[in-house]
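Heads up, the thing below is written out as structure tokens.
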Amino acid sequence: MWRIQLIVLVIGLPGILPLHTKFVNVVFRHGDRTTLDNDDEPFPTSPYLNWTFYPYGLGQLTNQGKRRVYELGVKIRERYGDFLGDVYHPSAIIARSSDYDRTKMSLQLVMAGIFPPAPEQQWHPDFNWQPVIANYVPHPDTLLRPQDCPRFKEELNDAEESIDFKRELIEYQRLMEFLTKWTGKSIRSALDMEGLYNSLKALNAMGLRLPEWTSGIFPYGQLHDGAILNYRLMSWSERLKVLNGGMLLKNFTDNMLRTATAKKESPLKMVLLSGHEINLTALMEALGVYSPHVPEYSSAIFVELLEERKEYFVRIIYYLGDPQETSLINIPRCGRLCPLTRFIQLYSEVLPSVDDVNCLP
26 MWRIQLIVLV
36 IGLPGILPLH
46 TKFVNVVFRH
56 GDRTTLDNDD
66 EPFPTSPYLN
76 WTFYPYGLGQ
86 LTNQGKRRVY
96 ELGVKIRERY
106 GDFLGDVYHP
116 SAIIARSSDY
126 DRTKMSLQLV
136 MAGIFPPAPE
146 QQWHPDFNWQ
156 PVIANYVPHP
166 DTLLRPQDCP
176 RFKEELNDAE
186 ESIDFKRELI
196 EYQRLMEFLT
206 KWTGKSIRSA
216 LDMEGLYNSL
226 KALNAMGLRL
236 PEWTSGIFPY
246 GQLHDGAILN
256 YRLMSWSERL
266 KVLNGGMLLK
276 NFTDNMLRTA
286 TAKKESPLKM
296 VLLSGHEINL
306 TALMEALGVY
316 SPHVPEYSSA
326 IFVELLEERK
336 EYFVRIIYYL
346 GDPQETSLIN
356 IPRCGRLCPL
366 TRFIQLYSEV
376 LPSVDDVNCL
386 P
């Protein structure tokens, strides 16, 4: 099992120094879900191939998934409650998801955990919930789905055809032949292995019995490593890091820089993004802190802007999801508390251009 070489903290604990929170960027993976109805996940020999997963439906959050992301929201409330305040103001938080049911629903549940209605916002005596504003961007979405961009696809294809990548993929040849035999489906790429891994992960999270042939390769083992190979492929080159996790890093950096240089304090305090495990691995790759693993359902990365006497610092925290623990990330060449100017300097080469962000050729 992957073990993060970082400091484990309890998410509600105060910071190491008497610093003041000025802005928080958050990106998280959606909650546990059923299997998808697409080309990546279903396989002909699955004992659950024709299941509709009533009452959820395909690719939808399970009740466990709903609870898990709601608990993430509660953890965010515990950590940032004083900063955000008790009363929900739409101007204080931007809540955005990718264009999928499971991420949209996850976002609503996290927001429910962060903002239970304050007494003056309690609109029903028996209902401890309030409506909030949540947005999404249809495809193409270069922030949470950079793979929609033609530039990314071209670079990804070049990486997949590279000698270095092919040398790694060939190590999985026997596994892919084994998987092809037992799934009844052609498994020939890192993406195929990742799709199968996530299908089994969804079934396993629902407590369903998996085929015997999965023993030894799932949840840890060579199939796990094959899924990770696809996450690495998506950031294989420096250019891919820019077009993938660099998109999130630029958004977060712009948010922090805007806050630090503003003449008047903005009401905006947090950007909350509901996405996928590939968003978390992409951001960690761009930051140079990715240790090979598959981020769990509801896992999250917090990029905090902190201030003390007009000096601004960046702190990055990784919420593991399962277990409900956090790790303080050591920023390469800067430490666990990095001056904002130094942080921007360090990652200037990973930040995409305006044309990149707009997905222009």
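My numbering puts the first residue of the sequence shown at 26, with every later residue one more than the last.
A virtual CB, placed ideally from N, CA and C, is assigned to each residue, including glycine.
Open item on the list: At 3 residues or longer, what runs of the beta strand (DSSP E) sit wholly inside the stretch 109–133?
Closed with: Runs of the beta strand (DSSP E) inside the stretch 109–133: 118–122.
Task: Neighbourhood of Lys91 by C-beta distance below 7 Å, restricted to the same chain and skipping five residues each side - done: The residue labelled residue 91 in the question sits at position 66 within the sequence shown. These residues qualify, in order along the chain: Gly56 and Leu134.
TODO: Could you check what DSSP says for Ile242 in three-state terms: helix, strand or coil?
DONE: Position 217 of the sequence shown holds residue 242. The DSSP-derived three-state label of Ile242 is coil.
Open item on the list: For Val35, which residues in the same chain have their Cβ closer than 7 Å to its Cβ, ignoring the five residues on either side in sequence?
Closed with: Taking the first residue of the sequence shown as position 1, residue 35 is located at position 10. Any reading at Val35 must be qualified, since the residue scores a pLDDT of 40, below 50, and its modelled position is unreliable; the value itself is stated next. So the list is empty, once near-sequence residues are dropped.
Task: Three-state secondary structure (DSSP) of Ile369 - done: The sequence position of residue 369 within the sequence shown is 344, counting from 1. Residue state for Ile369 is assigned as helix, using DSSP reduced to three classes.
Task: Nearest candidate by alpha-carbon position, reference Leu169, set Ile212, Gly300, Val267 and Ile354 - done: In the sequence shown, residue 169 corresponds to position 144, counting from 1. Looking only at Ile212, Gly300, Val267 and Ile354, the smallest Cα-Cα distance to Leu169 is reached by Gly300.
Open item on the list: My output table needs one value for Ser214: the three-state DSSP class, helix, strand or coil.
Closed with: Translated into positions along the sequence shown, residue 214 becomes position 189. Residue state, collapsed to three classes: coil.
- [ ] Would you please state the rounded distance, in angstroms, between the beta carbons of Leu268 and Cys174? I believe it to be under 8 Å.
- [x] The sequence position of residue 268 within the sequence shown is 243, counting from 1. The sequence position of residue 174 within the sequence shown is 149, counting from 1. Yes, Leu268 and Cys174 are in contact; Cβ-Cβ is about 7 Å, under 8 Å.
Open item on the list: For Ala159, report the span of its alpha helix (DSSP H) as first-last.
Closed with: One-based indexing of the sequence shown puts residue 159 at position 134. Note, Ala159: premise wrong, no alpha helix (DSSP H); not H, not E.
Open item on the list: Quick check: the Cα distance between Leu97 and Phe140, rounded to an integer number of angstroms?
Closed with: As a working note, residue 97 is residue 72 in the sequence shown. As a working note, residue 140 is residue 115 in the sequence shown. Distance between the alpha carbons of Leu97 and Phe140: 12 Å.
Open item on the list: Short of 6 Å in beta carbon distance, which residues of its chain neighbour Thr70, apart from the five on each side in sequence? Order them along the chain.
Closed with: Against the sequence shown, residue 70 aligns to sequence position 45. Thr208 and Gly209.
- [ ] Would you grab the beta carbon distance between Ile303 and Met259 for me? Rounded to a whole angstrom, and I think it's under 8 Å.
- [x] Start at 1 with the first residue of the sequence shown, and residue 303 comes out as number 278. Start at 1 with the first residue of the sequence shown, and residue 259 comes out as number 234. Indeed, because the Cβ distance is near 7 Å, the residues count as touching under 8 Å.
Task: 9 Å Cβ cutoff met for Ala215 and Val319 - done: Position 190 of the sequence shown holds residue 215. Position 294 of the sequence shown holds residue 319. No, the Cβ-Cβ distance between Ala215 and Val319 is not below 9 Å.
Open item on the list: With three or more C-beta pairs closer than 8 Å as the rule, is the stretch 220–229 touching the stretch 188–195?
Closed with: Too few Cβ pairs lie closer than 8 Å, so no.
- [ ] Take the Cβ of Asn75 as the centre, count every other Cβ of all protein chains shown within 10 Å, and call the residue buried at 16 or more, exposed below.
- [x] Here residue 75 refers to the residue found at position 50 when the sequence shown is read from its first residue. By the neighbour-count rule (16 or more Cβ atoms within 10 Å), Asn75 is not buried but exposed.
Task: Phe152 in three-state terms, based on DSSP - done: Counting from one through the sequence shown, the residue named residue 152 turns up at place 127. Three-state result, Phe152: coil.
Task: Validate contact between the stretch 238–254 and the stretch 277–289 using beta carbons, cut 8 Å, 3 pairs - done: Counting Cβ pairs under 8 Å, fewer than three are found: no touch.
- [ ] Tell me where the beta strand (DSSP E) around Ala325 begins and ends.
- [x] On the sequence shown, position 300 is the one that residue 325 refers to. Per DSSP, Ala325 belongs to the beta strand (DSSP E) from Ala325 to Glu333.
Task: Reduced DSSP category for Phe68 - H, G, I as helix; E, B as strand; rest coil - done: Within the sequence shown, residue 68 is the residue found at index 43, counting from 1. DSSP, reduced to helix, strand and coil, places Phe68 outside both helices and strands of the structure shown, so it counts as coil.
Open item on the list: I need the DSSP call for Val51, collapsed to helix, strand or coil.
Closed with: Counting from one through the sequence shown, the residue named residue 51 turns up at place 26. Looking at Val51 - three-state DSSP - the assignment turns out to be strand.
Task: Burial state of Asn255 (16 or more Cβ within 10 Å) - done: Residue mapping note: residue 255 aligns to position 230 of the sequence shown, counting from 1. With 16 or more other CB atoms across the displayed protein chains lying within 10 angstroms of its CB, Asn255 is buried.
- [ ] Report the residue ranges of all beta strand (DSSP E) runs contained in full by the stretch 243–328; include only those spanning at least 3 residues, in chain order.
- [x] You should have 295–300.
Task: Identified DSSP bridge partners for Leu86 - done: Taking the sequence shown and counting its residues from 1, one reaches residue 86 at position 61. DSSP output for Leu86 lists Arg58 as bridge partner(s).
Task: Whether Lys100 touches Tyr344 by CB criterion (9 Å) - done: Counting from 1 along the sequence shown, the entry for residue 100 is found at position 75. Counting from 1 along the sequence shown, the entry for residue 344 is found at position 319. With respect to Tyr344, Lys100 sits close: the two C-beta atoms are nearer than 9 Å.
Task: Identity of the residue in Leu225, Gly270 and Tyr95 nearest Glu374 by Cα - done: To locate residue 374, count along the sequence shown from 1; it is residue 349. Among Leu225, Gly270 and Tyr95, the Cα nearest to that of Glu374 belongs to Gly270.
- [ ] Measure from the alpha carbon of Phe177 to the alpha carbon of each residue in Pro357, Ser262 and Val94, then state which is nearest.
- [x] Numbered from 1 along the sequence shown, position 152 holds the residue referred to as residue 177. It is Ser262 whose Cα lies nearest to the Cα of Phe177.
TODO: Rounded to whole angstroms, what's the CA-CA distance from Pro348 to Phe48? Just pull it up for me.
DONE: Position 323 of the sequence shown, counting from 1, holds the residue named residue 348. Position 23 of the sequence shown, counting from 1, holds the residue named residue 48. Approximately 26 Å between the Cα atoms of the pair.
- [ ] Helix, strand or coil for Tyr337, going by three-state DSSP, please let me know.
- [x] For the purposes of this step, residue 337 is identified with residue 312 of the sequence shown, where counting begins at 1. In the three-state reduction of the DSSP assignment, Tyr337 falls in the strand class, which pools E and B.
- [ ] Please determine, among Leu233, Pro80, Leu194 and Leu297, the residue with the shortest C-alpha to C-alpha distance to Asn50.
- [x] Here residue 50 corresponds to residue number 25 of the sequence shown, with the count starting at 1. Measuring from the Cα of Asn50, the nearest candidate turns out to be Leu297.
Task: Residues bridged to Pro364 (per DSSP) - done: Numbered from 1 along the sequence shown, position 339 holds the residue referred to as residue 364. According to DSSP, Pro364 bridges with Phe338.
- [ ] Going by CA-CA distance only, name the one from Glu329, Ile354 and Thr46 that's closest to Asn276.
- [x] Reading the sequence shown from its first residue, position 251 is the one you call residue 276. Looking at the Cα atoms, Glu329 is the closest of the given residues.
Task: Among Tyr125, Val112 and Tyr161, nearest to Ala137 - alpha-carbon criterion - done: Along the sequence shown, one-based indexing puts residue 137 at 112. The shortest C-alpha separation from Ala137 is found at Val112.
- [ ] Please name the residue or residues paired with His45 in a DSSP beta bridge.
- [x] Reading the sequence shown from its first residue, position 20 is the one you call residue 45. Looking at the DSSP assignment, His45 forms a beta bridge with Glu332.
Open item on the list: For Ile356, list the residues DSSP reports as bridge partners.
Closed with: Position 331 of the sequence shown, counting from 1, holds the residue named residue 356. Beta-bridge pairing links Ile356 to Gly360.
Task: For Thr205, the first and last residue of its enclosing alpha helix (DSSP H) - done: Within the sequence shown, the letter at position 180 stands for residue 205. Thr205: member of the alpha helix (DSSP H) spanning Gln198 to Thr208, first to last residue.
Open item on the list: DSSP three-state label for Ser224, please.
Closed with: Position 199 of the sequence shown, counting from 1, holds the residue named residue 224. Under the three-state reduction of DSSP, Ser224 is assigned to helix.
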